[in-house]
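S.K.: In the numbering used here, the protein residues as written are 1 to 793. Using N, Cα and C, we set each Cβ at its ideal position, and we do this for glycine too. Have a look at the structure that comes next, please.
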């Protein structure tokens with residue numbers, strides 16, 4: 001029993017940092033500013049850390065003043081935000097402090113914000129069709145720009161401040177320009193036939209390029225309302241970026257001075273393209289895109305395209321909140337940042353040294369993280385959401401996935417950084433909810449699906465780098481309702497399935513039924529075999545875990561403690577313990593022999609769908625519906641060592657206290673007893689000092705510091721509740737109260753201390769008053785009796 005786990009401690013947490021909306025890249029390329037729920041998170045590109053959060057995060061989501069959009073000034077010094085409450089706030093980008101706040105006065109919500117080139121003026125474009133210009137130095141609205149209809153999709157100052165121009169485009173698809181000083185409309189640029197999504201100004205400041213959902217790029221000359229060039233690009237464009245005067249991309253180099261306006265654009269196809277707008281020529285089309293095309297026509301795949309000149313890099317921001325950084329020259333992928341994983345559905349460790357994890361989220365792409373740095377790569381293959389993962393214990397470089405696309409896939413870790421799909425199985429007719437690999441070999445794996453079928457798949461003998469077609473050797477209609485889980489025994493002889501029909505079933509390796517486990521009151525979410533005993537563990541939506549005997553199919557034990565469905569379970573400590581995660585957000589550690597819950601951790605805000613345990617059980621990674629990945633480390637040994645050390649120190653201190661009391665070194669004994677938090681010993685010492693008189697106690701209490709005096713007051717308040725010890729308590733109050741009144745002794749929670757001490761003190765005073773009255777009455781009676789007795793003599 002010595003090797004049992006006692007405690008796991010959270011060591012790392014990967015949280016969402018971009019949940020959609022606006023995103024900006026700092027000029028130096030070091031940080032991204034990302035909209036995340038009701039705040040803006042500043043993310044370090046290199047370390048993925050979150051050194052700063054801008055905005056006021058509320059505890060309760062209902063109380064939060066949601067940020068609709070934000071904009072960073074050109075010099076990266078300030079950030080302006082527009083809020084649900086109608087407020088506009090100005091923040092310092094360096095430390096996140098709020099500099100200014102004012103009410104917008106718009107009739108609708110603010111959709112777009114823009115800074116001018118100097119960072120002294122801000123424009124706010126609203127859903128009410130108006131743009132307001134703000135002088136942020138004096139906090140005044142200088143102009144209200146009218147003319148547009150509907151919601152603004154674009155508000156932008158001209159990059160050359162001397163031109164004094166501001167541009168806006170709303171639902172009426174026209175790009176309008178106004179004089180930013182007097183607010184008069186100058187030119188209306190008509191050419192787009194649907195929503196205008198992006199606008200960029202050329203280096204010479206005389207031309208501009210716009211993109212729209214009407215599948216064209218338009219080149220304009222400033223001041224002329226008619227399009228110079230309309231370039232069809234055959235996809236809805238959401239974002240574009242102007243390239244510098246000289247650049248290099250694969251198979252093309254542009255030098256300074258050579259003619260042409262070059263823009264990179266992206267939209268529904270998920271591919272970055274570079275066009276020479278003047279020549280109407282496609283210069284580059286990305287071939288290594290990690291972005292899936294939009295599902296429906298006119299949908300979104302890429303939402304932002306950010307070019308950073310300092311680093312010569314492109315960032316592609318996808319509709320499912322991933323940020324993919326490419327080097328412009330080679331267009332190779334440098335880094336992938338996962339802004340928001342949505343629900344984490346499954347996690348497995350991969351690789352010989354378990355250096356990586358693979359995570360299935362609410363996405364068709366798998367996420368392959370390097371554990372040390374949490375660098376991520378997207379693994380593409382499935383065409384719908386991936387639901388389950390399982391790794392071969394004997395071949396940690398191989399793993400299996402299954403998803404809503406009705407397929408199972410086998411993946412191979414080719415080297416440290418690369419994973420490839422090497423096999424596909426397509427025999428299921430509904431989404432495949434769970435997979436489990438063979439334990440003693442890499443010869444087969446099992447899958448269960450919403451089509452109520454359990455399948456055994458044969459692994460091909462030769463695994464080449466192409467996608468081999470997988471064949472199922474056995475199929476069985478296993479349950480009447482959805483099957484939630486499947487598991488294979490440690491010797492590969494038995495397969496277990498758990499279903500919504502409240503039963504778990506045991507099958508032989510050729511899928512003949514061995515037995516049915518009945519007893520749960522609701523559907524079964526997870527089933528696992530013990531690594532050492534002939535038992536099966538099941539967890540259910542009835543909030544319980546049950547241990548079953550394989551021999552006679554009887555229920556051996558039931559564990560109760562979760563408040564809702566238990567979603568994932570596993571054995572630890574060579575089958576002596578169980579770890580479970582639930583829909584209540586809790587992770588619980590159980591000891592089978594005593595049936596007690598040793599640990600309960602609350603690290604998630606929702607259902608904990610997934611849990612991965614490393615081979616040596618030192619690390620557990622959990623993920624759930626709150627988009628968090630939490631890493632936990634086994635600190636049982638450290639905890640035992642710490643407790644042993646504390647016990648040892650306590651024994652030594654107790655011995656020292658006894659010695660001091662024996663030697664009548666009362667001041668030292670008092671200090672030690674206060675430090676050890678021993679009220680009874682302190683009381684004995686105080687009573688011992690009081691034998692030498694009240695003055696002696698006053699002298700002694702001058703020797704102790706304020707922290708010790710505060711502890712003594714707390715103890716005295718406890719003694720004061722008992723008549724026998726009230727004498728010592730009242731003396732302590734009497735000596736220390738003047739110090740509290742003068743302010744030389746500061747007592748935390750003084751009010752509650754007085755509230756606790758006063759009623760008992762009043763009771764003692766009343767008792768002493770009554771006693772004194774009784775004594776005076778006896779004296780009076782005795783005095784009255786004395787003359788009478790003298791007379792009688």
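Going by beta carbon distance, what residues of the same chain come within less than 7 Å of residue 451, once the five residues before and after it are set aside?
M.R.: Working through the chain shown from its first residue, we reach residue 451 at position 451. 428, 429, 430, listed in sequence order.
S.K.: Could you pull the start and end residues of the alpha helix (DSSP H) that residue 685 belongs to?
M.R.: If you number the chain shown from 1, residue 685 lands on position 685. Its alpha helix (DSSP H) spans residues 679-690.
S.K.: Per DSSP, what kind of secondary structure is residue 123 in: helix, strand or coil?
M.R.: Stepping through the chain shown from its first residue, residue 123 is reached at position 123. DSSP places residue 123 in strand when its eight states are reduced to three.
S.K.: Starting from the C-beta of residue 708, find all residues in its chain whose C-beta is less than 7 Å away, skip the five residues before and the five after it, and write them out in chain order.
M.R.: Position 708 of the chain shown, counting from 1, holds the residue named residue 708. Taken in chain order, the residues that qualify are 671, 674.
S.K.: Suppose you measure from the CA of residue 193 to the CA of residue 169; what does that come to, to the nearest Å?
M.R.: The sequence position of residue 193 within the chain shown is 193, counting from 1. The sequence position of residue 169 within the chain shown is 169, counting from 1. If you take the alpha carbons of residue 193 and residue 169, they lie about 12 Å apart.
S.K.: Counting C-beta neighbours from all protein chains within 10 Å, is the total for residue 785 16 or more, i.e. buried, or is it exposed?
M.R.: For the purposes of this step, residue 785 is identified with residue 785 of the chain shown, where counting begins at 1. Classification for residue 785: exposed.
S.K.: Assign residue 238 to buried or exposed, taking buried as 16 or more other Cβ atoms, counted over all protein chains shown, within 10 Å of its Cβ.
M.R.: Counted from its first residue, the chain shown places residue 238 at position 238. Looking at its Cβ environment, which holds 16 or more other Cβ atoms inside 10 Å, residue 238 is buried.
S.K.: Which residues mark the beginning and the end of the alpha helix (DSSP H) in which residue 715 is found?
M.R.: Locating residue 715 in the chain shown gives position 715, counting from the first residue. From DSSP, the alpha helix (DSSP H) with residue 715 extends over 706-719.
S.K.: Give me, in chain order, the residues of the same chain whose beta-carbon lies closer than 6 Å to that of residue 479; leave out the 5 immediate sequence neighbours on both sides.
M.R.: Taking the first residue of the chain shown as 1, we reach residue 479 at position 479. Here the set comprises 452, 499, 501.
S.K.: Comparing alpha-carbon positions, which option in 577, 746, 524, 518 lies nearest residue 549?
M.R.: Position 549 of the chain shown, counted from the first residue, corresponds to residue 549. Per the Cα distances, 518.
S.K.: Would the region 328-345 and the region 297-305 be scored as touching if the rule is three or more Cβ pairs under 8 Å?
M.R.: No, they do not touch.
S.K.: Are the region 413-421 and the region 434-443 touching by the rule of at least three beta carbon pairs closer than 8 Å?
M.R.: No, the region 413-421 does not touch the region 434-443.
S.K.: Between the region 548-566 and the region 513-529, can you find at least three pairs of beta-carbon atoms closer than 8 Å?
M.R.: Yes, the region 513-529 touches the region 548-566.
S.K.: Buried or exposed: residue 330, going by 16 or more other Cβ atoms within 10 Å of its Cβ?
M.R.: For the purposes of this step, residue 330 is taken as the residue at position 330 of the chain shown. It counts as exposed.
S.K.: Can you name, in chain order, every residue of its own chain whose Cβ lies under 6 Å from the Cβ of residue 527, other than the five neighbours on each side?
M.R.: Position 527 of the chain shown, counting from 1, holds the residue named residue 527. 485, 487, 496, 498, 504, 538.
S.K.: Can you grab the Cα-Cα spacing for the pair residue 401 / residue 174, in whole Å?
M.R.: Here residue 401 refers to the residue found at position 401 when the chain shown is read from its first residue. Here residue 174 refers to the residue found at position 174 when the chain shown is read from its first residue. Between residue 401 and residue 174, the C-alpha separation is close to 48 Å.
S.K.: Determine, using beta carbons only, whether residue 360 and residue 375 come nearer to each other than 8 Å.
M.R.: Counting from one through the chain shown, the residue named residue 360 turns up at place 360. Counting from one through the chain shown, the residue named residue 375 turns up at place 375. No, Cβ-Cβ distance for residue 360 and residue 375 is not below 8 Å.
S.K.: Under 6 Å Cβ to Cβ from residue 308, same chain only, skipping five residues before and after it: list those, please.
M.R.: Numbered from its first residue, the chain shown carries residue 308 at position 308. Around residue 308: 25, 29.
S.K.: Whose C-beta lies closer than 7 Å to the C-beta of residue 250 among residues of the same chain, with five residues either side of it excluded?
M.R.: As a working mapping, residue 250 is identified with position 250 in the chain shown. Closer than 7 Å at Cβ, skipping near neighbours: 284, 330, 331.
S.K.: Hey, which unbroken runs of the beta strand (DSSP E) at 3 residues or more fall wholly within the region 261-312?
M.R.: DSSP runs (the beta strand (DSSP E)) wholly in the region 261-312: 262-267, 273-276, 281-285, 302-308.
S.K.: Between the beta-carbon of residue 10 and the beta-carbon of residue 630, is there less than 8 Å?
M.R.: Looking up residue 10 in the chain shown gives position 10. Looking up residue 630 in the chain shown gives position 630. Taking 8 Å as the Cβ cut-off, residue 10 and residue 630 qualify as a contacting pair.
S.K.: Would you kindly check if the distance between the Cβ of residue 524 and the Cβ of residue 508 is under 8 Å?
M.R.: By 1-based counting over the chain shown, the position of residue 508 is 508. By 1-based counting over the chain shown, the position of residue 524 is 524. Taking 8 Å as the Cβ cut-off, residue 508 and residue 524 do not qualify as a contacting pair.
S.K.: Residue 288 to residue 592, Cα distance in whole Å?
M.R.: Translated into positions along the chain shown, residue 288 becomes position 288. Translated into positions along the chain shown, residue 592 becomes position 592. In a straight line, the C-alpha of residue 288 is about 51 Å away from that of residue 592.
S.K.: On the criterion of 16 or more Cβ atoms from any shown chain inside 10 Å, does residue 138 qualify as buried, or is it exposed?
M.R.: The sequence position of residue 138 within the chain shown is 138, counting from 1. Result: exposed.
S.K.: What are the start and end residues of the beta strand (DSSP E) that includes residue 514?
M.R.: Start at 1 with the first residue of the chain shown, and residue 514 comes out as number 514. Element bounds for residue 514: 513-518.
S.K.: Do residue 186 and residue 199 have their CB atoms nearer than 8 Å?
M.R.: Residue mapping note: residue 186 aligns to position 186 of the chain shown, counting from 1. Residue mapping note: residue 199 aligns to position 199 of the chain shown, counting from 1. Taking 8 Å as the Cβ cut-off, residue 186 and residue 199 do not qualify as a contacting pair.
S.K.: Taking only three categories from DSSP, how would you classify residue 149?
M.R.: Taking the first residue of the chain shown as position 1, residue 149 is located at position 149. If DSSP states are grouped into helix, strand and coil, residue 149 belongs with coil.
S.K.: Would you call the region 274-282 in contact with the region 301-317, where contact means no fewer than 3 C-beta pairs closer than 8 Å?
M.R.: As far as the Cβ criterion goes, the region 274-282 does not touch the region 301-317, which means the pair count is below three.
S.K.: Would the region 40-60 count as touching the region 101-120 if we require 3 or more Cβ pairs under 8 Å?
M.R.: At 8 Å Cβ cutoff, the stretches do not touch.
S.K.: For residue 15, name the three-state secondary structure that DSSP assigns.
M.R.: To locate residue 15, count along the chain shown from 1; it is residue 15. Residue 15: coil per DSSP, three-state reduction.
S.K.: Looking only at its own chain, which residues have a Cβ that is under 7 Å from the Cβ of residue 791, when we skip the five neighbours before and after it?
M.R.: The count along the chain shown starts at 1 and reaches residue 791 at position 791. Because the pLDDT of residue 791 is 49, which lies under 50, any placement of that residue in the model is unreliable, and the question is left without a value.
S.K.: Please report the straight-line C-alpha distance between residue 341 and residue 623, rounded to a whole angstrom.
M.R.: Indexing the chain shown from 1 puts residue 341 at position 341. Indexing the chain shown from 1 puts residue 623 at position 623. Between residue 341 and residue 623, the C-alpha separation is close to 10 Å.
S.K.: Does the region 80-97 touch the region 118-135, meaning 3 or more C-beta pairs lie closer than 8 Å?
M.R.: Yes: at least three Cβ pairs fall under 8 Å.
S.K.: Identify, in the order they occur along the chain, each residue of the same chain with its Cβ nearer than 6 Å to the Cβ of residue 801, setting aside the five sequence neighbours on each side.
M.R.: This structure gives no information on residue 801, because the portion of the chain shown stretches from 1 to 793.
S.K.: Residue 732 to residue 683, Cα distance in whole Å?
M.R.: Here the question's residue 732 lines up with position 732 in the chain shown. Here the question's residue 683 lines up with position 683 in the chain shown. Going from the Cα of residue 732 to the Cα of residue 683 covers about 11 Å.
S.K.: Looking at the strands, I want to know which residues DSSP matches up with residue 763.
M.R.: As a position in the chain shown, residue 763 is number 763, starting the count at 1. For residue 763, which the question treats as bridged, DSSP gives no partner whatsoever.
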